[in-house]
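Engineer: Take a look at this one; I'll ask things after.
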Amino acid sequence: MKDWLDEINWNSDGLVPAIAQDHQTGRILMMAWMNREALALTAQENRAIYWSRSRSKLWRKGEESGHVQKVHELRLDCDADVIVMAVEQLGGIACHTGRESCFYRVFENGAWNTVEPVLKDPAAIYQGHSHE
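According to full-length UniProt numbering, the sequence shown is numbered sequentially starting from 1.
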């Protein structure tokens with residue numbers, strides 16, 4: 001039996017981009033990277049677990065903020081090089097800036113304009129921790 005993780009086209013660093021979208025609305029919440037262990041644990045625990053490139057370690061979404069992503073479905077694209085996860089974003093905040101989504105800026109009139117409010121002060125979310 002072929003290992004399902006072997007079907008992923010991992011990049012040269014052994015990573016694959018993973019897009020988290022709201023399982024009800026389809027809204028893109030964030031994108032992060034997964035290595036083989038992160039994806040295996042995500043499937044096993046039904047919880048989004050990423051690979052932090054800056055910290056070189058696994059990162060369980062919500063371990064510091066409490067804003068866990070419960071995974072409802074994993075999908076693999078046609079080239080087997082991007083994962084899309086349908087998630088339930090507990091606490092309603094996916095972004096370390098305190099917004100619902102990391103995609104809160106819109107390109108208009110030659111500039112990136114912030115179009116979504118901060119829902120919770122990041123300092124209150126992380127209480128002295130660095131962002132995830």
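Every residue gets a Cβ at the ideal spot worked out from N, C-alpha and C, and that includes glycine. From a predicted model like this one, the values you see are computed outputs, not experimental measurements.
What residue from Arg105, His67, Pro17 and Val84 has the CA that sits closest to Leu74's CA?
Structural biologist: Distances from the alpha-carbon of Leu74 to those of Arg105, His67, Pro17 and Val84 put Val84 closest.
Engineer: Quick one: what does DSSP say Tyr104 is sitting in, helix, strand or coil?
Structural biologist: Three-state result, Tyr104: coil.
Engineer: Quick check: what's the CA-CA separation for Glu45 versus Leu5?
Structural biologist: 16 Å
Engineer: If I'm right that Ala20 touches Ala48 with Cβ under 8 Å, what's the distance once you round it to whole angstroms?
Structural biologist: 6 Å
Engineer: Our contact map puts Met31 next to Thr42 with C-beta atoms below 8 Å; I'd like the distance itself, whole angstroms only.
Structural biologist: Contact doesn't hold; Cβ gap of about 14 Å is too wide.
Engineer: List, from N- to C-terminal side, the alpha helix (DSSP H) runs of 4 residues or more that fit wholly inside the UniProt domain "Phosphoribosyl-AMP cyclohydrolase" (30 to 104).
Structural biologist: 36 to 45
Engineer: On the DSSP letters alone, give me the boundaries of the alpha helix (DSSP H) that Pro122 sits inside.
Structural biologist: From DSSP, the alpha helix (DSSP H) with Pro122 extends over Pro122 to Tyr126.
Engineer: In the structure shown, what three-state DSSP assignment does Asp22 receive?
Structural biologist: In the displayed model, Asp22 falls within a strand according to three-state DSSP.
Engineer: Helix, strand or coil: how does DSSP classify Trp10 here?
Structural biologist: In this structure, Trp10 counts as coil in the three-state DSSP scheme.
Engineer: Out of Ser52, Gln69 and Arg99, point me to the one whose CA is closest to Leu119's CA.
Structural biologist: Arg99
Engineer: On the CB-based measure, 16 or more other CB atoms within 10 Å of its CB, does Val115 come out buried or exposed?
Structural biologist: Under this definition Val115 is an exposed residue.
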